[in-house]
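Below is one structure, written out as structure tokens; the observations come after it.
There are 2 protein chains.
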Amino acid sequence: MDNLISVATENFLKTVYTLGNSIGKNTRPGTVARELGITNAAATDMARKLSAKNLLDYTKYRELKLTSEGEKMALGVIRKHRLWETFLHRVFGLSMHEIHREAEQLEHFTSDFLTERLSLFLGHPTTDPHGDPIPDASGVFNNGNTEVLPLSQATEGEKYTVSRLQGSDKEYFDFCQQNDLKVNSVIRIINRYPNNRMTEVEVKKRKLLLHEDLTSTITVSKMPSSLEFHNRKRQNP
Amino acid sequence: MDNLISVATENFLKTVYTLGNSIGKNTRPGTVARELGITNAAATDMARKLSAKNLLDYTKYRELKLTSEGEKMALGVIRKHRLWETFLHRVFGLSMHEIHREAEQLEHFTSDFLTERLSLFLGHPTTDPHGDPIPDASGVFNNGNTEVLPLSQATEGEKYTVSRLQGSDKEYFDFCQQNDLKVNSVIRIINRYPNNRMTEVEVKKRKLLLHEDLTSTITVSKMPSSLEFHNRKRQNP
DNA sequence: TTTAAAATTTAAGCTAACTTAAATTATATT
DNA sequence: AATATAATTTAAGTTAGCTTAAATTTTAAA
Ligand SMILES: [Mn+2]
Ligand SMILES: [Mn+2]
Ligand SMILES: [Mn+2]
Ligand SMILES: [Mn+2]
Chain C
953 MDNLISVATE
963 NFLKTVYTLG
973 NSIGKNTRPG
983 TVARELGITN
993 AAATDMARKL
1003 SAKNLLDYTK
1013 YRELKLTSEG
1023 EKMALGVIRK
1033 HRLWETFLHR
1043 VFGLSMHEIH
1053 REAEQLEHFT
1063 SDFLTERLSL
1073 FLGHPTTDPH
1083 GDPIPDASGV
1093 FNNGNTEVLP
1103 LSQATEGEKY
1113 TVSRLQGSDK
1123 EYFDFCQQND
1133 LKVNSVIRII
1143 NRYPNNRMTE
1153 VEVKKRKLLL
1163 HEDLTSTITV
1173 SKMPSSLEFH
1183 NRKRQNP
Chain P
953 MDNLISVATE
963 NFLKTVYTLG
973 NSIGKNTRPG
983 TVARELGITN
993 AAATDMARKL
1003 SAKNLLDYTK
1013 YRELKLTSEG
1023 EKMALGVIRK
1033 HRLWETFLHR
1043 VFGLSMHEIH
1053 REAEQLEHFT
1063 SDFLTERLSL
1073 FLGHPTTDPH
1083 GDPIPDASGV
1093 FNNGNTEVLP
1103 LSQATEGEKY
1113 TVSRLQGSDK
1123 EYFDFCQQND
1133 LKVNSVIRII
1143 NRYPNNRMTE
1153 VEVKKRKLLL
1163 HEDLTSTITV
1173 SKMPSSLEFH
1183 NRKRQNP
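The structure is reproduced here in structure tokens:
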């Protein structure tokens, strides 16, 4: 009865968690397999094994569902991943596209002890450089629960702040950087062209015409920073 | 033809390197096995495999000898290990006995890219907190070549500085800390009692009577810090 | 409702990294 | 030099985590 958890298992659980919490995606073995770069057969096999370990529920041909134990593990890995990303960006100055690659490895070899030192050192951050929320040590997200939505669904005329950038490659982050599309940037929706799946926005006095391929990767919230500012003023008159 | 290097391989090569550079130790499979906590059979098996990959030379019943490629790999792992130890101690404040455990894992999952960022951040240190030398990116040690020797072989009456503490557990480092036996501490040999394997030393005005079990783990050099100071003064008049 | 396409599962097999047990070789002692 | 002891190697077997290929089931289309 080997109770040690492997890299393959951690990545599998993490992927099931992430797919399960993404809109328009499913957690069937094939989807997990594609995500991890393994075959469907391997994913099915792993699903049976993890089911036997009570880390997920598996019924043939159905979607995979994490047990609470499995979810706790997934959140543990995600916590380590995002803390490392935050660290690598803030302390070593790695760029947005570099941090993921390194964190993808480090997340599996960081003890809980070290993880808490890391979190402490960083001042217990609640989001990573991509704007992804960081669960606390017990797996709870403590992010102000402002409503978020993809920029592709934002309303014409409204103002938002960028809360997450969900792309992954260098080109994506270079483009965002170049055009001031950063976490916490303020963005105003000028025009929407639903038929052409385009959105015209204003960022730092500049107008951009963005395709849904991009706007669907950018999460925004309805001016949470101004709300925050408002709250602070009230508490601290 | 899988050219990727595994954790097992890295640990094996590192162990062969370390044993080969320790006095009174050998690099036969059994010794490596004991060090790694695996069976002799597993070590022999690994020796054959690594020999096939040209990472070491293996002749039945003889000691293992790293090839230059194998040694380069071992030094790469050692570099990562010691840089992480330095980092964990200096930046996260982990104690002497905690850093090794964490570094033992991290050393295998740190890209060369990240390693150089780590080294840069630390100011390219040449020794870790235990006083162990850190090879540079091409596997070369750049430590002033002052002669070192175990405290157990130091000369009565002479003064030395501590250059390495080679123990590993909490008790060991707690004892050293408590008695000012730290890297760079100045130490004077008052008396040697070879028959009883004891050495009486003076550290910070305090006298200590130490058994060879301890003195053989402490490496000293003949006042390298004063020599260094001397050299600096000459160069910078 | 039947059928074709797509996805999933099962079956069989591989490799790395171990294990235990038996056989072999080296080494140390008389 | 013979022999007992210790170390090493070989042999056989296990497990995790994959693979490819075949069989099965689901789903979508006709
Ligand atoms: Mn990973
Ligand atoms: Mn992230
Ligand atoms: Mn290691
Ligand atoms: Mn060290």
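Protein chains in written order, with this note's numbering: chain C, 953 to 1189; chain P, 953 to 1189.
Glycine included, each C-beta is placed from N, C-alpha and C at the ideal position.
Quantities reported herein were computed from a predicted structural model and do not represent experimental measurements.
### Message
Taking 6 Å as the limit, name every residue whose beta carbon sits nearer than that to some heavy atom of ligand 2, in sequence order.
### Response
In chain order, the residues positioned with their C-beta nearer than 6 Å to some heavy atom of ligand 2 are C:Arg1034, C:Glu1037, C:Asp1080, C:His1082 and C:Asp1084.
### Task
With a cut-off of 8 Å on the beta carbons, I'd call C:Ala1106 and C:Ile1142 a contact; round off their distance for me.
The residue given as residue 1106 of chain C occupies position 154 in the first sequence. The residue given as residue 1142 of chain C occupies position 190 in the first sequence. Rounded, the Cβ-Cβ distance is 11 Å, inconsistent with contact.
### Query
Quick one: is C:Phe1065 buried, meaning 16 or more other Cβ sit within 10 Å of its Cβ, or exposed?
On the first sequence, position 113 is the one that residue 1065 of chain C refers to. C:Phe1065 is exposed by the Cβ-count criterion.
### Query
Does the beta-carbon of C:Val1092 have 16 or more other beta-carbons within 10 angstroms, so that it is buried, or is it exposed?
Counted from its first residue, the first sequence places residue 1092 of chain C at position 140. Its Cβ having fewer than 16 others within 10 Å, C:Val1092 is exposed.
### Query
Who are the neighbours of C:Ser1063 on chain P, taking C-beta pairs under 9 Å?
Translated into positions along the first sequence, residue 1063 of chain C becomes position 111. Using a Cβ-Cβ cut-off of 9 Å, C:Ser1063 is close to Arg1053, Glu1054 and Gln1057 of chain P, given in chain order.
### Burial state of P:Thr991 (16 or more Cβ within 10 Å)
The residue you call residue 991 of chain P lines up with position 39 of the second sequence. So P:Thr991 counts as exposed.
### Query
Would you say P:Leu1074 faces chain C, with C-beta separation under 7 Å as the test?
For this step, residue 1074 of chain P is matched to residue 122 along the second sequence. Chain C contact via Cβ: absent.
### Message
Going by DSSP in three states, P:Phe1093 sits in which element: helix, strand or coil?
### Response
Within the second sequence, residue 1093 of chain P is the residue found at index 141, counting from 1. Here P:Phe1093 carries a strand assignment [DSSP, helix/strand/coil].
### Message
Using 8 Å as the cut-off, can you tell me whether the region 1055 to 1065 of chain C makes contact with the region 1124 to 1135 of chain C, which would need three or more C-beta pairs spanning the two stretches below that distance?
### Response
Counting Cβ pairs under 8 Å, fewer than three are found: no touch.
### Message
Assuming contact is defined by CB atoms lying nearer than 7 Å, are P:Leu1007 and P:Glu1021 in contact in what I supplied?
### Response
Position 55 of the second sequence, counting from 1, holds the residue named residue 1007 of chain P. Position 69 of the second sequence, counting from 1, holds the residue named residue 1021 of chain P. Taking 7 Å as the Cβ cut-off, P:Leu1007 and P:Glu1021 qualify as a contacting pair.
### Query
Would the region 1082 to 1090 of chain P and the region 1143 to 1150 of chain P be scored as touching if the rule is three or more Cβ pairs under 8 Å?
Remark: fewer than three beta-carbon pairs, one from each stretch, lie closer than 8 Å, so the region 1082 to 1090 of chain P and the region 1143 to 1150 of chain P are not flagged as touching.
### As assigned by DSSP and simplified to three states, the class of C:Leu971
Counted from its first residue, the first sequence places residue 971 of chain C at position 19. DSSP places C:Leu971 in the helix class (H, G or I) of the three-state scheme.
### Message
Please enumerate, following chain order, all residues with a beta carbon closer than 6 Å to at least one heavy atom belonging to ligand 3.
### Response
With 6 Å as the limit between CB and the heavy atoms of ligand 3, the residues that fall short of it are P:Asn963, P:Glu1056, P:Glu1059 and P:His1060.
### Query
Would you call the region 1031 to 1043 of chain C and the region 993 to 1012 of chain P touching, i.e. three or more CB-CB distances under 8 Å?
Result no; under three Cβ-Cβ pairs closer than 8 Å.
### Task
Compare the C-beta of P:Leu1035 with all C-beta atoms of chain C and state if any pair is closer than 7 Å.
Residue numbering aside, residue 1035 of chain P sits at position 83 when the second sequence is read from its first letter. Nearest CB-CB separation between P:Leu1035 and chain C: not below the 7 Å threshold.
### Query
When you compare only the Cα positions, how much space is there between P:Val984 and P:His1052?
In the second sequence, counting from the first residue as 1, residue 984 of chain P sits at position 32. In the second sequence, counting from the first residue as 1, residue 1052 of chain P sits at position 100. Within the model, the alpha-carbon separation for P:Val984 versus P:His1052 is close to 19 Å.
### Beta carbon proximity, P:Phe1039 to chain C, threshold 7 Å
Residue mapping note: residue 1039 of chain P aligns to position 87 of the second sequence, counting from 1. So, not an interface residue.
### Query
Do P:Val1100 and P:Thr1151 come within 7 Å of each other at the CB atom, strictly closer than that value?
Within the second sequence, residue 1151 of chain P is the residue found at index 199, counting from 1. Within the second sequence, residue 1100 of chain P is the residue found at index 148, counting from 1. Contact: no.
### Query
So which residues of chain C does P:Phe1044 contact, with C-beta pairs closer than 9 Å?
Along the second sequence, read from residue 1 onward, the residue named residue 1044 of chain P stands at position 92. Below the 9 Å Cβ cutoff, chain C contributes Leu1066, Arg1069, Leu1070, Leu1072 and Phe1073 as neighbours of P:Phe1044, in chain order.
### Query
Per DSSP, what kind of secondary structure is P:Ile957 in: helix, strand or coil?
Working through the second sequence from its first residue, we reach residue 957 of chain P at position 5. P:Ile957: coil per DSSP, three-state reduction.
### Query
For the candidate residues P:Gly1096, P:Leu1070, P:Val1138 and P:Phe1127, whose alpha-carbon lies nearest to that of P:Val1114?
Taking the second sequence and counting its residues from 1, the one referred to as residue 1114 of chain P is at position 162. Selected option, being the one with the closest Cα: P:Val1138.
### Task
Look at the Cβ atom of C:Ser1168, then the Cβ atom of C:Thr1098, and state whether they are nearer than 7 Å.
Mapped onto the first sequence, residue 1168 of chain C falls at position 216. Mapped onto the first sequence, residue 1098 of chain C falls at position 146. Not in contact: C:Ser1168 and C:Thr1098 (Cβ atoms no closer than 7 Å).
### Query
What does C:Ser1152 pair with, by DSSP beta-bridge criteria?
Mapped onto the first sequence, residue 1152 of chain C falls at position 200. Rather than Ser, the amino acid found at residue 1152 of chain C in this sequence is Glu. According to DSSP, residue pairing for C:Glu1152 in a beta bridge involves C:Asn1143 and C:Leu1161.
### Task
With a threshold of 16 other CB atoms inside 10 Å of the CB of C:Ile1086, please say whether the residue is buried or exposed.
For this step, residue 1086 of chain C is matched to residue 134 along the first sequence. By the neighbour-count definition (other C-beta atoms within 10 Å, threshold 16), C:Ile1086 is a buried residue.
### Task
Please confirm whether P:Ala1026 and P:Tyr969 have their CB atoms less than 7 Å apart.
If you number the second sequence from 1, residue 1026 of chain P lands on position 74. If you number the second sequence from 1, residue 969 of chain P lands on position 17. A distance below 7 Å separates the beta carbons of P:Ala1026 and P:Tyr969.
#### Entry: DSSP-derived helix/strand/coil call for C:Ser1115
Taking the first sequence and counting its residues from 1, the one referred to as residue 1115 of chain C is at position 163. Three-state result, C:Ser1115: strand.
### Query
Taking just the CA atoms, how far does P:Asp1088 sit from C:Gln1118?
Within the first sequence, residue 1118 of chain C is the residue found at index 166, counting from 1. Within the second sequence, residue 1088 of chain P is the residue found at index 136, counting from 1. Per the coordinates, the alpha-carbon of C:Gln1118 lies some 37 Å from the alpha-carbon of P:Asp1088.
### Query
What residue from P:Ala1055, P:Leu1074 and P:Thr979 has the CA that sits closest to P:Ser1120's CA?
The sequence position of residue 1120 of chain P within the second sequence is 168, counting from 1. Considering only P:Ala1055, P:Leu1074 and P:Thr979, the residue with the shortest C-alpha distance to P:Ser1120 is P:Ala1055.
### Query
With 16 as the cutoff for other CB atoms within 10 Å, does P:Ala993 come out buried or exposed?
Position 41 of the second sequence holds residue 993 of chain P. P:Ala993 is exposed by the Cβ-count criterion.
### Message
Excluding the 5 residues flanking C:Phe1181 on each side, which residues of the same chain have their C-beta closer than 8 Å to its C-beta?
### Response
On the first sequence, position 229 is the one that residue 1181 of chain C refers to. No answer about C:Phe1181 holds up, because its pLDDT of 47 lies below 50 and its placement is not dependable.
### Supposed close pair P:Lys1122, P:His1049 - CB separation, criterion 8 Å
On the second sequence, position 170 is the one that residue 1122 of chain P refers to. On the second sequence, position 97 is the one that residue 1049 of chain P refers to. With a contact defined as Cβ atoms closer than 8 Å, P:Lys1122 and P:His1049 qualify at about 4 Å.
### Message
Suppose contacts are defined by Cβ-Cβ distances below 7 Å. Is C:Tyr1010 in contact with C:Ala999 by that definition?
### Response
As a working note, residue 1010 of chain C is residue 58 in the first sequence. As a working note, residue 999 of chain C is residue 47 in the first sequence. C:Tyr1010 places its beta carbon less than 7 Å from that of C:Ala999.
### Task
Spatial neighbours of P:Cys1128 within its chain, please: CB distance less than 7 Å, with the 5 preceding and 5 following residues excluded, ordered by chain position.
As a first step, residue 1128 of chain P is located in the second sequence; it is residue number 176 there, counting from the start. Excluding residues within five positions, the ones whose Cβ falls inside 7 Å are Leu1117 and Lys1134.
### Task
Return helix, strand or coil for P:Thr1167, following the three-state DSSP convention.
Numbered from 1 along the second sequence, position 215 holds the residue referred to as residue 1167 of chain P. Three-state DSSP puts P:Thr1167 in a helix.
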